[in-house]
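Student: Shown below is the structure under consideration.
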Amino acid sequence: MECAAHCLYDRHKLIALDRLAVILGRAELSVEEPWSRSYAPERLILHPGYKQANVKDDIALVKLASEITTSDYIFPVCLWPRGLVHEDITGRKGFVVGYGLNDAGSTSNHLLDVEVPVVDRWTCLESNRGTLSSQLASTMLCAGARDGVGPCNGDSGGGMFFRAGNEWHIRGIVSFAPNLDGTGKCDPKQYAIYTDVAKYLDWIANELGNVTQGNTSEGMANSTDFREGQTWLTVNRDGCGLEAPVYTNLRHSASAFVAPWVTKIEYVGEERAGRDNECQAYLITEWHLLTLASCVADVDQNEQELYVRLGKFSIPGFPKPQIRYVEQIIIHERFDKSNNANDVALLKLRKKANVDEGFVNSICLAPAMFEGDDWITQLHVRDDIALIKVTTEIDMSAFIQPVCLWPSVPISGTDIVGRRGAVVGFGLTELDKPSDVMLDAEVPVVDLWSCLESNRGAFGTHLARTMLCAGGLDGVGPCNGDSGGGLFLEIGGVWYVRGIVSFAPNLDGVLKCDPTQYTVFTDVAKYLDWIAKADGNGTLVSALRITNKPVAAQSMINSAECGKESTQIVRERTETNSFIFPWATTIEFVGIDYRRQNECLAYLISEWHLLTSATCVQDVEENEQE
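Following the UniProt record's numbering, the numbering of the sequence shown begins with 1 at its first residue and continues without gaps.
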């Protein structure tokens, strides 16, 4: 079984196996339905990344001591198919179930359900930076309508389910949510965070020992994707995510979400019904359940025994639930309780669940969905871009040429991730002095989530969707004095500007860049409309011809030579093995020694205009400084 890793902890230690039980097929805590089944755990498998101190890798598996007998009321859910690796579920609504706190603030006796929309992580992060900037990770999902309806205390380990055709798939596990101020109770007006099960398919498969490249072990099968012409290899068993007709009829008649793969983790010899940290688990094979690492990370299997009752619902005519004990808890190796990172775990049953009758079944697991680039609005370095208009027209030559702006086709931060761009500047050298000659470096663009997770303290309150992140973390890159410098990429012999050097984390205790950290750039491609409209008299609008033509065919300004270099420049670059660009320059102040650490660069985009960082010129008083 699968659950949240934190659900397997009681205070600061794992719950003993003899205090745990898994009850399947149960819909009412106070009623022993004839169709529900209870199973003892044999082993708790927490994700190796899970730690109680944070919420990373909050996922665990519970291995039951006996095989689960599936039925119409107990059946495994399907894992998300691997074939939908890049599917974006933002905006889709998933079902979440649980016995958590109700409107009266007490634990519900009945299995509750709610439909919640998935939101992009950046909207989520922007909604509550104080709580989420140090915790939200690319291995998590965010969902909710912020309307007071959603998971709360006692719903930890609850799943987020999506229907595809006739099958139900699990994509998320309830991990955590911001609390109401001054209380330990969830704030229903905030988004809830889920462990993204799709990111842990390899770990689950490895722990189950069922899937290897090109092979399917006994009990698992090659399954068909919900898209025509696609096949995928998963850890899902045949028939996962399917329901007995009684469930479909019940859902339609009672408007309730009852699923044969849902169960609650219970502890042998201990009354848990009133506990706020009660956790759920979800059957994914006859032997395993999925849950949160935070649910089981504290369980000491030598002292506490877990069990589940599969198929336990308060529905007349349903068979008795299957009781299965947990044999093993498998917590993600990188689960970190301090921020719920990698909050996922598997529970292995001591005895296999019986899924033949349709009352108990497994849920299908979801596909790996990788991070996108929609980003948050930052607090302190927002829109770090400025346009400089000169008083006289610039004469172009072999040594002075404008760079091309990025085309205004639909763009995202991921379209250049992995590519290397050139950065130039007169910033600090290894001797901590401004360079007398223009320096250059090639840096790779990285995705923004990798950037955020590399230094949450520096980037958590700053990084935004209007930025790019680049660097090799090798001590080579922009530093003090390189602000306003461009990130240039060559496409088909033409150079384009994509980024402007904005900021980078400092070395501890000094106001100097840390060259082993990523550098953040303003993404010029996100400001094309602003650039075209920024000049009030229309000079720039007439100069820029921003179209939706492909990069190779597009001329960005009235000079058809933008982004191109003279033979002399190309020869010089070849001979010196350095980047020399005819559009790069420095901003200087009349009557002031410009050799200073806050020296800034700008680059030519038309005969009248240059682009730079807003922080370079925001303090300039036109009447005092020229």
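Think of the CB as a built atom: it goes at the ideal place given N, C-alpha and C, for glycine as much as any other residue.
Going residue by residue through the region 29–90, where are the continuous beta strand (DSSP E) segments of at least 3 residues, counting only ones entirely within it?
Tutor: Listed in chain order, the beta strand (DSSP E) elements of length 3 or more contained wholly in the region 29–90 are 37–39, 41–49 and 60–76.
Student: Can you have a look at Glu442 and say buried or exposed, based on whether 16 or more other CB atoms are within 10 angstroms of its CB?
Tutor: Here residue 442 corresponds to residue number 442 of the sequence shown, with the count starting at 1. For Glu442, the number of other beta carbons within 10 angstroms of its own is below 16, and it is reported as exposed.
Student: Determine the closest residue to Arg37 out of Pro48, Phe488, Leu44 and Tyr73, with distance taken between C-alpha atoms.
Tutor: Position 37 of the sequence shown, counted from the start, is the residue given in the question as residue 37. When each option's Cα is compared against that of Arg37, the closest is Tyr73.
Student: Report the option in Gly91, Asp474 and Gly485 whose CA atom is closest to the CA atom of Asp440.
Tutor: Here residue 440 refers to the residue found at position 440 of the sequence shown. Per the Cα distances, Gly485.
Student: What does the alpha-carbon distance come out to for the pair Ile193 and Lys337?
Tutor: For the purposes of this step, residue 193 is taken as residue 193 along the sequence shown, with counting starting at 1. For the purposes of this step, residue 337 is taken as residue 337 along the sequence shown, with counting starting at 1. Rounded to the nearest angstrom, the two C-alpha atoms are 14 Å apart.
Student: Between the alpha carbons of Lys189 and Val118, how many angstroms are there, rounded?
Tutor: The count along the sequence shown starts at 1 and reaches residue 189 at position 189. The count along the sequence shown starts at 1 and reaches residue 118 at position 118. For Lys189 and Val118, the distance between alpha carbons rounds to 15 Å.
Student: Please report the straight-line C-alpha distance between Val446 and Leu463, rounded to a whole angstrom.
Tutor: As a position in the sequence shown, residue 446 is number 446, starting the count at 1. As a position in the sequence shown, residue 463 is number 463, starting the count at 1. For Val446 and Leu463, the distance between alpha carbons rounds to 13 Å.
Student: Rounded to the nearest angstrom, how far is the Cβ of Leu79 from that of Leu180, given a contact under 8 Å?
Tutor: Translated into the one-based positions of the sequence shown, residue 79 becomes position 79. Translated into the one-based positions of the sequence shown, residue 180 becomes position 180. Contact doesn't hold; Cβ gap of about 34 Å is too wide.
Student: Put Tyr282 into one of helix, strand or coil per three-state DSSP.
Tutor: Stepping through the sequence shown from its first residue, residue 282 is reached at position 282. Looking at Tyr282 - three-state DSSP - the assignment turns out to be strand.
Student: What are the start and end residues of the beta strand (DSSP E) that includes Phe503?
Tutor: Taking the sequence shown and counting its residues from 1, the one referred to as residue 503 is at position 503. Residues Val494 to Phe503.
Student: In chain order, what residues of the same chain lie with their CB nearer than 7 Å to the CB of Gly475, ignoring the 5 residues before and after it?
Tutor: Stepping through the sequence shown from its first residue, residue 475 is reached at position 475. Around Gly475, the same chain offers Pro515 and Thr516 as residues with beta carbons nearer than 7 Å, after the five sequence neighbours per side are excluded.
Student: Since Tyr307 and Ile329 are thought to touch, with beta carbons under 8 Å apart, how far apart are those beta carbons, to the nearest angstrom?
Tutor: Here residue 307 refers to the residue found at position 307 of the sequence shown. Here residue 329 refers to the residue found at position 329 of the sequence shown. About 13 Å separates the two Cβ atoms, so there is no contact after all.
Student: From Val77, Asp58 and Ile363, pick the residue whose C-alpha is nearest to that of Ile45; which is it?
Tutor: Here residue 45 is taken as the residue at index 45 of the sequence shown, counted from 1. When only C-alpha atoms are compared, the closest one is Asp58.
Student: Return the first residue and the last residue of the beta strand (DSSP E) that Gly484 is part of.
Tutor: Taking the first residue of the sequence shown as 1, we reach residue 484 at position 484. Premise fails: Gly484 is in no beta strand (DSSP E) and is neither H nor E.
Student: In terms of alpha-carbon separation, which member of Lys264, Val326, Tyr39 and Phe335 lies closest to Lys51?
Tutor: Within the sequence shown, numbered from 1, the residue matching residue 51 stands at position 51. Per the Cα distances, Phe335.
Student: So the beta strand (DSSP E) Thr615 belongs to, where does it begin and stop?
Tutor: Locating residue 615 in the sequence shown gives position 615, counting from the first residue. From DSSP, Thr615 is part of no beta strand (DSSP E) but of the alpha helix (DSSP H) over Ala614 to Val617.
Student: Following the continuous alpha helix (DSSP H) through Leu306, name the residue where it begins and the one where it ends.
Tutor: Taking the sequence shown and counting its residues from 1, one reaches residue 306 at position 306. No alpha helix (DSSP H) holds Leu306; the beta strand (DSSP E) holding it covers Leu306 to Leu310.
Student: Based on the DSSP secondary-structure assignment, which residues constitute the bridge partners of Asp523?
Tutor: Taking the sequence shown and counting its residues from 1, one reaches residue 523 at position 523. Looking at the DSSP assignment, Asp523 forms a beta bridge with Gly499.
Student: Quick check: the Cα distance between Ala614 and Glu327, rounded to an integer number of angstroms?
Tutor: Reading the sequence shown from its first residue, position 614 is the one you call residue 614. Reading the sequence shown from its first residue, position 327 is the one you call residue 327. In this structure, the alpha-carbon of Ala614 lies about 60 Å from that of Glu327.
Student: Under a Cβ-count criterion, where at least 16 other Cβ atoms within 10 Å of its own Cβ denotes burial, should Ala104 be classed as buried or exposed?
Tutor: Taking the sequence shown and counting its residues from 1, the one referred to as residue 104 is at position 104. So Ala104 counts as exposed.
Student: Looking only at its own chain, which residues have a Cβ that is under 8 Å from the Cβ of Val617, when we skip the five neighbours before and after it?
Tutor: Looking up residue 617 in the sequence shown gives position 617. So the list reads Ala386, Ile388, Ile587 and Cys600, once near-sequence residues are dropped.
Student: Looking at C-alpha atoms only, which residue of Trp168, Glu115, Leu101 and Asp187 is the closest neighbour of Ser127?
Tutor: Indexing the sequence shown from 1 puts residue 127 at position 127. Selected option, being the one with the closest Cα: Asp187.
Student: Look at the alpha carbon of Val262 and the alpha carbon of Ala532, and state the distance between them as a whole number of angstroms.
Tutor: Your numbering for residue 262 matches position 262 in the sequence shown. Your numbering for residue 532 matches position 532 in the sequence shown. Approximately 55 Å, taken between the alpha carbons.
Student: Taking its Cβ as the centre, do 16 or more other Cβ atoms sit within 10 Å of Val299, making it buried, or is it exposed?
Tutor: Reading the sequence shown from its first residue, position 299 is the one you call residue 299. With 16 or more other Cβ atoms from the protein chains shown falling within 10 Å of its own Cβ, Val299 counts as buried.
Student: By how many angstroms is the C-alpha of Leu61 removed from the C-alpha of Thr69?
Tutor: Here the question's residue 69 lines up with position 69 in the sequence shown. Here the question's residue 61 lines up with position 61 in the sequence shown. Cα-Cα distance, rounded: 18 Å.
Student: Just to confirm the assignment, what range does the beta strand (DSSP E) spanning Trp406 have?
Tutor: Here residue 406 corresponds to residue number 406 of the sequence shown, with the count starting at 1. Taken as a continuous stretch (DSSP letters only), Trp406 belongs to no beta strand (DSSP E), as it is neither H nor E.
Student: Which of the three DSSP states is assigned to Ile363 in this structure?
Tutor: Looking up residue 363 in the sequence shown gives position 363. Three-state result, Ile363: coil.
Student: Buried or exposed for Arg465, going by 16 or more other Cβ atoms inside 10 Å?
Tutor: Within the sequence shown, residue 465 is the residue found at index 465, counting from 1. Here Arg465 is buried: its Cβ has 16 or more other Cβ atoms, across all protein chains shown, within 10 Å.
Student: Take residue 639 as the anchor and find which of Asn354, Leu283, Leu24 and Arg163 has the nearest alpha-carbon.
Tutor: The chain is shown from 1 up to 626; residue 639 falls before or after that span and cannot be answered.
Student: Can you round the beta-carbon distance between Thr139 and Asp88 to whole angstroms, since I take them to be within the 8 Å contact cut?
Tutor: Along the sequence shown, one-based indexing puts residue 139 at 139. Along the sequence shown, one-based indexing puts residue 88 at 88. With a Cβ gap of about 16 Å, Thr139 and Asp88 do not count as contacting.
Student: Leaving out five residues before and five after Ile416 in sequence, what residues of the same chain have Cβ atoms less than 6 Å from its Cβ?
Tutor: Along the sequence shown, read from residue 1 onward, the residue named residue 416 stands at position 416. The answer, listed in chain order, is Val445.
Student: Once you ignore the five residues that flank Gly471 on each side, which residues in its own chain have a CB closer than 6 Å to its CB?
Tutor: Counting from one through the sequence shown, the residue named residue 471 turns up at place 471. A distance below 6 Å between beta-carbons, with the five flanking residues on each side excluded, links Gly471 to the following residues of its chain, in chain order: Val443, Gly477, Tyr518 and Thr519.
Student: Rounding to the nearest angstrom, what Cα-Cα distance links Asp155 and Lys351 in this structure?
Tutor: Here residue 155 refers to the residue found at position 155 of the sequence shown. Here residue 351 refers to the residue found at position 351 of the sequence shown. Near 26 Å, if we compare the C-alpha coordinates of Lys351 and Asp155.
Student: So Leu112 packs on Cys124, CB below 8 Å; how close in whole Å?
Tutor: Counted from its first residue, the sequence shown places residue 112 at position 112. Counted from its first residue, the sequence shown places residue 124 at position 124. Going by Cβ atoms, the distance from Leu112 to Cys124 rounds to 23 Å, so no, they are not a contact pair.
Student: What does the Cβ neighbour count give for Cys405, buried or exposed, with the cut at 16 atoms within 10 Å?
Tutor: Locating residue 405 in the sequence shown gives position 405, counting from the first residue. According to the sequence displayed, residue 405 carries Leu and not Cys. Counting Cβ neighbours within 10 Å, Leu405 comes out buried, since at least 16 surround it.
Student: On the premise that Thr291 lies in contact with Asp384, defined as a C-beta separation below 8 Å, what is that separation, rounded to the nearest angstrom?
Tutor: Taking the sequence shown and counting its residues from 1, one reaches residue 384 at position 384. Taking the sequence shown and counting its residues from 1, one reaches residue 291 at position 291. Actually they are not in contact, since the Cβ atoms of Asp384 and Thr291 sit about 43 Å apart, beyond 8 Å.
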